[in-house]
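Presented below is the structure to which this report refers.
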Amino acid sequence: MKNNLLNNLIEYIPVGIVVHGSQSEILFSNKMASDILGLSRAQMQGKDALDPAWHFAHPDGYTLAVDDYPVNRVFKSKEGLWGMILKVYRPISHDSAWVLCNAFPSFDECGEISEVITCFIDITSVKNAENALKSSEERLNLILQGTNDAAWDWDICQHNVYLSSRWWQMIGREPNELEATEDLLFKLLHPDDLKKIMNRVAELMLPFGPSSFEAEFRLQTKSGDYLPVLSRGVVLRDSDGTALRFSGANMDLTERKESEDRIYRLAFHDVLTGLANRTFLMEHLKSVLARYGNSKQFGALLLIDLDNFKIINDTKGHDVGDELLKLVSKRLLTAARDCDFVARLGGDEFVVVLDYLTSEKHSASHMAESIGKKIIELLSKPFVFADQTLLTTPSIGITMFGQRNKQQDELLKQADLAMYHAKENGKNTLSLFEPAMQFKVEKRVELAKDLRDGLVNDEFILFCQPQMDALGKLCGGEVLIRWQHPVLGLVMPNEFIPLAEQTDLIIPIGEWVLRRTCEILCEWEQNSALKHLTLSVNVSVNQVLASNFVERVLTIIDDNGANPSLIILELTESLLAEHVEDIIFKMNELNKRGVRFSIDDFGTGYSSLNYLKRFPLTELKIDQSFVRDIPSDKNDAVITEIIITLAQKLGLRVLAEGVETEEQLQFLLDHDCQYFQGYLFGKPSPIELFAGIAEANSAKLLYSFGKR
């Protein structure tokens with residue numbers, strides 16, 4: 001009975017049992033052994049356990065030597081073997097199985113091993129699962145090594161922290177250089193981020209709290225610097241909603257932060273000077289004005305314009321101009337207080353916003369003006385760089401702001417008005433905005449509109465002042481424009497020409513004058529007494545510098561059929577000081593068609609005599625400021641004499657303006673001046689009446705000229 005039970009137990013136990021004889025031959029095997037090894041008991045019976053055909057393999061993958069087979073090891077050691085894991089080849093199914101094997105000896109009466117009993121269980125599924133898990137871990141390690149993100153895991157229950165090698169690398173340390181603890185996660189945080197992250201962790205710890213998280217913070221690196229990171233992860237919770245662990249990865253935000261900073265600087269800072277740009281300025285003003293709405297304090301806005309920057313930029317080059325703007329920016333930062341805001345508005349215009357001056361407006365204005373004077377003093381000092389010295393001066397407009405809410409644009413407009421008022425007062429000075437300036441501008445805007453309407457409605461009139469030769473004969477005239485305003489009446493050119501130049505209306509107005517002049521010359525062609533007269537026409541800087549100046553002048557002349565040789569275009573001396581090559585080219589092109597040129601107000605500008613000889617000129621006009629004081633001012637008399645001599649040496653005719661007295665005329669005749677213009681010969685009159693009036697005045701003067 002007992003034998004039957006034992007046999008049944010051995011047969012059906014879920015463990016493979018194989019009994020080996022003293023020569024390693026298989027004496028017995030149970031059914032489970034047959035199933036695991038894939039051989040019938042008959043096939044195993046008598047088989048040598050040390051036969052290499054079994055192909056036992058070690059878990060690390062190499063084939064075991066025969067001496068390492070479990071049976072042989074027991075025979076040699078005469079001791080049992082426990083928990084040996086083997087991979088065994090199954091010849092019938094041509095596959096393999098993993099087994100966990102125990103082996104122990106049985107001894108005879110003489111103490112020799114008579115049998116070796118091996119017991120083993122099939123762990124193939126376990127090993128496959130283990131290998132799969134190992135493979136997954138390897139893949140995970142590869143993924144972690146291939147990513148820039150730093151994985152980490154915090155087991156809250158066991159208080160264990162795992163930090164990947166990339167995590168350590170990110171903070172500039174070797175893996176596990178510091179003890180990976182919960183405390184370490186917080187010790188490395190930037191002090192300003194600690195409270196925020198602690199609050200976030202407390203929120204995640206709440207039962208049934210968020211299942212994921214995302215946070216930006218800074219970690220201290222080994223060098224002591226702080227690295228910006230973005231941490232994303234998940235929270236593992238049990239069925240009660242209790243947080244068990246946090247798992248996540250940190251992303252290095254250094255490049256992104258640098259890119260954001262570059263984008264921010266491009267959007268809100270001037271590329272050349274590094275100062276705040278117009279966009280940033282407007283945002284800052286919006287914030288400041290909102291704050292001042294509930295404050296008793298006063299602030300100020302200073303608009304700074306460099307008076308002669310265009311000349312420096314054009315003559316010295318844009319590289320020099322850019323360097324000058326950088327140096328100006330540095331000096332402005334020196335002049336400003338720590339609480340002030342400095343910006344480059346554009347071009348050569350800068351803005352300084354003075355914050356928190358005082359609660360009393362008069363004192364605040366005084367403080368703003370003091371800072372403005374300091375800026376003028378700083379910017380007026382020479383700028384030395386690249387072996388050259390540059391001088392510039394600022395004009396500054398100041399406007400105050402305080403309790404009364406203003407808009408940003410309103411402040412800038414007021415400062416702009418004050419700045420132009422400073423320029424009108426001689427430049428290199430400052431001006432505080434006053435409401436009267438606004439009224440003046442509004443009147444100017446209204447006048448500009450009327451000026452445009454005047455062009456459309458043909459409200460302009462051409463006047464002409466006679467020009468006489470040394471024999472007292474009428475030789476020509478200077479055409480002058482007047483505006484017959486429907487409300488204001490006759491408006492003189494000094495009241496609207498500057499406005500026309502500022503609004504670019506001077507170009508169509510100048511073309512109207514030239515066109516009307518050509519029409520008059522064509523009308524005079526039919527009159528033998530008038531057809532020889534020349535007409536001088538003033539040409540503005542804007543007209544000459546226009547790219548199509550030559551084409552426009554020739555088109556107007558050709559359209560009317562006027563004789564070009566009877567037209568003298570008058571240029572101001574200051575115009576010839578700039579854009580020399582361009583102007584010479586244009587003058588030569590017109591001169592080829594017979595158009596002649598005169599320099600108006602000669603002696604008041606800054607033209608180089610070296611350039612003067614290169615211009616295709618016909619005439620120099622002595623400015624009336626010299627002629628006026630000839631009898632009483634020896635210097636003016638000498639200058640006038642020099643100009644006459646210079647013109648003769650250059651082969652140019654010379655015309656004196658502003659001749660009003662016999663004494664002036666006599667001096668000019670005595671020094672060989674050839675042509676004259678002034679009230680002595682007639683005031684400007686409508687060009688339709690010019691010929692008759694001029695001839696009558698000429699007849700009266702002929703006797704006087706003859707006596708000389």
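Here full-length UniProt numbering is used: position 275 in the sequence shown is 275, and no number is missing along the way.
Ideal Cβ placement from N, Cα and C applies to all residues, glycine included.
From a predicted model like this one, the values you see are computed outputs, not experimental measurements.
In the structure shown, R596 falls within a strand segment according to DSSP collapsed to helix, strand and coil. With 16 or more neighbouring CB atoms inside 10 Å of its own CB, Y292 falls in the buried class.
Contact between G299 and V353 holds: their C-beta atoms lie close to 7 angstroms from each other, under 8 angstroms.
Its chain contains A243 as the residues whose beta carbon lies nearer than 6 angstroms to that of M205, once the 5 sequence neighbours on both sides are disregarded; these appear in chain order. In the displayed model, F56 falls within coil according to three-state DSSP, outside both helix and strand. Residues of the same chain with a CB within less than 7 angstroms of the CB of G678, apart from the 5 flanking positions on each side, are E657, G658, V659, E660 in chain order.
Straight-line spacing of the CA atoms in S528 and D348 works out to 56 angstroms. Inside the segment 304 to 359, DSSP marks whole beta strand (DSSP E) runs of 3 or more residues at positions 341 to 346, 349 to 358, from first to last along the chain. By the neighbour-count criterion, in which a residue is buried when 16 or more other Cβ atoms sit within 10 angstroms of its Cβ, E619 is buried. Cβ-Cβ separation between P394 and D340: approximately 16 angstroms, too far for a contact (criterion under 8 angstroms). Beta bridge pairing from DSSP links P394 with L306.
Annotation: the continuous alpha helix (DSSP H) that includes E260 extends over 254 to 268. Taking 8 angstroms as the upper bound for CB-CB distance, S431 and G454 are not in contact here, some 31 angstroms apart. Using a Cβ distance threshold of 8 angstroms, N308 and T389 do not count as a contacting pair.
Residue environment analysis places M170 among the buried positions, since at least 16 neighbouring C-beta atoms fall within 10 angstroms of its C-beta.
Taken in chain order, the complete alpha helix (DSSP H) segments of 4 residues or longer contained in the segment 139 to 217 are 165 to 170, 182 to 187, 191 to 205. The C-alpha of S165 lies about 28 angstroms from the C-alpha of E260. Counting only the Cα atoms, P207 lies some 32 angstroms from N176. A contact is defined here as three or more CB-CB pairs under 8 angstroms, and the segment 211 to 219 meets this definition with respect to the segment 186 to 197.
Closest option to D504, judged by alpha-carbon separation, among L545, E478, A267: L545.
For the pair M468 and F676, the CB atoms are nearer than the 8 angstroms cut-off. The residues T393, P394, I396, N428, T429, L430, in chain order, have a CB closer than 8 angstroms to that of I376 in the same chain once the five nearest residues on each side in sequence are set aside.
When secondary structure is reduced to three states using DSSP, S365 falls in the helix class. Shown here for K531: same chain residues with a beta carbon closer than 8 angstroms to its own, the five before and five after excluded, namely W524, E525 in chain order. S34 and S77 have their alpha carbons spaced roughly 27 angstroms apart.
In the structure shown, N527 adopts coil according to DSSP, grouped into three states.
In the structure shown, the three-state DSSP call for R614 is coil. Here the C-alpha atom of S93 lies approximately 16 angstroms from the C-alpha atom of R41. Under DSSP, P105 takes part in a beta bridge, and its partners are V116.
The residues L50, in chain order, have a CB closer than 6 angstroms to that of N72 in the same chain once the five nearest residues on each side in sequence are set aside. A straight-line Cα-Cα distance of about 15 angstroms links V487 and I461. In the same chain as M84, and ignoring 5 residues on each side of it, the C-beta atoms closer than 8 angstroms to its own belong to P70, L100, C101, N102, A103, in chain order. One thing to note: L499 has its Cβ within 8 angstroms of the Cβ of A448. Following the DSSP letters along the chain, one finds A656 inside the beta strand (DSSP E) bounded by residues 653 to 656. Counting the other Cβ atoms within 10 Å of the Cβ of G472 gives 16 or more, which makes it buried. Looking at the backbone, the Cα of E360 and that of Q297 are separated by about 7 angstroms.
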